[in-house]
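What follows is a single structure, written as structure tokens, with notes after it.
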Amino acid sequence: MPSPYRAIFAAPGTLGFSVAGFLGRMPLSMMGIGIVTMISQLTGRYGLAGALSATLAMSAAVLGPQISRMVDRHGQRRVLRPATLVAVAAATGLLICAQQGLADWTLFVFSAAMGCVPSVGAMTRARWAAIYRGSPRQLHTAYALESIIDEVCFIFGPIVSIGLSTIWFPEAGPLLAALFLLAGVWWLTAQRATEPQPHPAGEHTGGSALRSPGLQVLVAAFVATGAIFGAADVVTVAFAEEEGHKAAASVVLAVYALGSCLAGTVFGLLHLKGGPSRRWVLGVCAMAVSMIPLQLAGSLPFLAVALFVAGLAIAPTMVTTMALVEAHVPRSKLTEGMSWTGTGLAVGVALGSSAAGWVVDAHGAAAGYAVPGIAGVLAAVVAFLGYSRLRRPVPTREGQRERDAQQSEQPDQHVA
């Protein structure tokens with residue numbers, strides 16, 4: 051491990067919650083694509099599969115920030131364990147109804163109930179922020195590590211989920227995802243020493259974190275970004291099936307995540323000078339441009355290469371997003387603010403996967419790649435229109451202290 055990454059683990063307890071967070075985040079990449087694979091295996095209906103995945107994402111978008119707001123007030127352990135039990139129970143109900151071939155409405159009910167799944171990534175990032183508050187270099191590396199962990203999940207998660215559902219039995223992928231969630235959250239919340247201190251209700255003035263103009267821009271752009279991810283997942287599975295190698299979809303999607311993982315690893319080693327808003331806009335535009343080659347996909351090898359290149363822009367953009375959230379959201383609402391970006395992604399995944407499912411059913415898999423292409427254009431438009439808001443962070447006392455610390459370190463930073 052390069053020295054900047056090794057250095058952040060010098061703080062006691064960091065390795066433990068990082069590993070637990072990895073385990074708890076595996077369902078992020080397994081559940082949605084697992085549902086798509088399971089339903090397509092059982093019914094052959096990609097429209098239904100995409101709609102169920104969209105229902106889960108939309109429900110998580112509504113419930114996720116509320117759970118994170120309660121975490122900010124009451125602590126991770128008190129909130130995450132009950133929420134996880136509800137999500138796992140709902141997942142169990144979904145699998146039983148799908149296996150028994152019950153009415154479609156039962157599948158939608160349980161998919162919606164699964165939306166109370168906690169944002170484990172926001173919880174681990176909040177722990178890093180509490181440990182390295184006022185140390186921007188270490189926090190930049192920690193956020194990069196978190197993005198790498200996200201992408202490692204997306205490298206192995208789809209392989210495991212799609213592989214189990216196609217080779218063993220259709221419900222195997224979502225079942226294992228639910229078990230990962232339960233084990234990861236329980237392990238994470240058992241580590242009390244690194245849990246951020248909750249903030250009393252009196253500190254939560256000014257309403258939701260989403261009142262921040264900068265956060266509104268980030269969330270809006272992430273809706274379009276999530277549509278890229280959701281559509282790419284559904285269309286890639288369908289494309290691989292049309293090519294006669296459905297199980298290969300997991301490998302192709304893993305290559306997509308691999309590109310992001312490698313870019314995030316390098317990005318975490320850099321100490322960049324200047325504000326993150328410009329880097330963020332460039333990252334969003336790079337993601338939009340990377341969707342163009344997908345429109346020309348004619349084979350799985352070509353698609354894999356195109357997705358690898360597209361993945362290079364993801365992790366650096368995500369790391370920069372977390373830095374912007376910190377600049378625009380008060381410390382007492384940080385977990386909620388991070389969850390709102392996840393909510394934007396979830397809404398986008400819902401819209402993208404649903405739209406892609408219907409396009410695939412109506413016009414075939416190749417036509418489906420127009421959906422992430424359009425989503426990329428929308429993300430770039432939002433980024434450009436909202437750039438001025440991102441350049442003006444919220445003037446909180448906490449944010450000012452952190453910006454002062456950043457400015458004190460800038461003279462010895464190099465431009466990367």
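Position in the sequence shown (first residue = 1) + 50 = our numbering.
No residue lacks a Cβ here, since even glycine has one placed at the ideal position from N, Cα and C.
Note that the structure is a prediction, hence the values are computed from the model and not measured.
Taking the alpha helix (DSSP H) that GLU292 belongs to, which residues open and close that run? 263 to 292
Enumerated in chain order, which unbroken segments of the alpha helix (DSSP H) with a length of 4 residues or greater are wholly contained in the stretch 377 to 455? 384 to 413, 415 to 418 and 420 to 440
Residue from ALA304, ILE181, ARG128 and LEU226 whose Cα sits closest to the Cα of ALA354: ALA304
Any contact between the stretch 328 to 344 and the stretch 240 to 248? By contact I mean 3 or more CB pairs, one from each, below 8 angstroms. no
In whole angstroms, what is the alpha-carbon distance linking ALA356 and SER382? 41 angstroms
State the CB to CB distance for the pair ILE85 and LEU102, rounded to an integer number of angstroms; the pair is presumed to be in contact (CB under 8 angstroms). 5 angstroms
Own chain residues within Cβ distance below 6 angstroms of ALA433, not counting five before or after: ALA271, VAL331 and VAL334
Just checking my contact of ILE212 with CYS311 at CB under 8 angstroms: how many whole Å lie between their CB atoms? That belief does not hold up - the Cβ atoms of ILE212 and CYS311 are roughly 19 angstroms apart, past 8 angstroms.
Determine the extent of the alpha helix (DSSP H) in which CYS166 is found, giving its start and end residues. Where CYS166 is concerned, there is no enclosing alpha helix (DSSP H), given that its DSSP letter is neither H nor E.
From which residue to which residue does the alpha helix (DSSP H) around PHE352 run? 350 to 361
Tell me whether VAL138 sits in a helix, a strand or coil according to DSSP, three-state version. helix
Would you say the stretch 287 to 301 touches the stretch 110 to 130, given that touching needs at least three Cβ pairs under 8 angstroms? no
Beta-carbon within less than 6 angstroms of ILE364's beta-carbon, same chain only, minus the 5 sequence neighbours each way: which residues are those? SER310
May I have the straight-line CA-CA distance separating TYR182 from GLY63, to the nearest angstrom? 13 angstroms
Helix, strand or coil for ARG177 per DSSP? helix
For PHE160 and LEU135, which I take to be in contact (beta-carbon distance under 8 angstroms), what is that distance rounded to the nearest angstrom? With a Cβ gap of about 14 angstroms, PHE160 and LEU135 do not count as contacting.
So TYR182 is in the alpha helix (DSSP H); what residue range does that whole segment cover? No alpha helix (DSSP H) holds TYR182; DSSP gives it neither H nor E.
Spatial distance of HIS254 from ARG123 (CA atoms): Because the pLDDT of HIS254 is 46, which lies under 50, any placement of that residue in the model is unreliable, and the question is left without a value.
Burial state of ALA60 (16 or more Cβ within 10 Å): exposed
Per the contact definition of three or more C-beta pairs closer than 8 angstroms, is the stretch 147 to 167 in contact with the stretch 88 to 104? yes
Could you check whether the stretch 417 to 429 touches the stretch 264 to 282, counting it as contact only if at least three pairs of C-beta atoms, one from each stretch, sit closer than 8 angstroms? yes
Give the straight-line distance between the Cα atoms of ALA110 and LEU78, rounded to the nearest whole angstrom. 11 angstroms
Taking the straight line between their C-alpha atoms, what separation do you get for ALA243 and GLY71? 15 angstroms
Under DSSP, the alpha helix (DSSP H) around PHE72 begins and ends at which residues? 64 to 93
Which word fits GLY294, buried or exposed, when buried means at least 16 other C-beta atoms lie within 10 angstroms of its C-beta? exposed
With GLY314 as the anchor, note down where its alpha helix (DSSP H) starts and where it stops. 298 to 318
Euclidean distance between Cα positions of SER404 and PHE158: 13 angstroms
I want to see whether chain D comes within less than 8 angstroms of VAL316, judged by CB atoms only; does it? No chain D is present in this structure, which holds just one protein chain.
Among the candidates GLY74, ALA416 and VAL138, whose CA atom is the shortest distance from the CA of ALA281? ALA416
Using CA atoms only, rank isn't needed, just tell me which of ALA57, GLY207 and GLU386 is closest to GLN126. GLU386
Closer than 8 angstroms by C-beta to THR142: which residues in its own chain qualify, once you throw out the five before and the five after it? Chain order, please. ALA228
In whole angstroms, give me the CA-to-CA distance for ASP283 and VAL301. 12 angstroms
Need the endpoints of the alpha helix (DSSP H) that MET337 sits in, please. 326 to 339
Same chain, Cβ closer than 6 angstroms to THR401, five either side skipped, listed in chain order: Contrary to the premise, residue 401 reads as Leu rather than Thr in this sequence. So the qualifying residues of the chain are ALA277.
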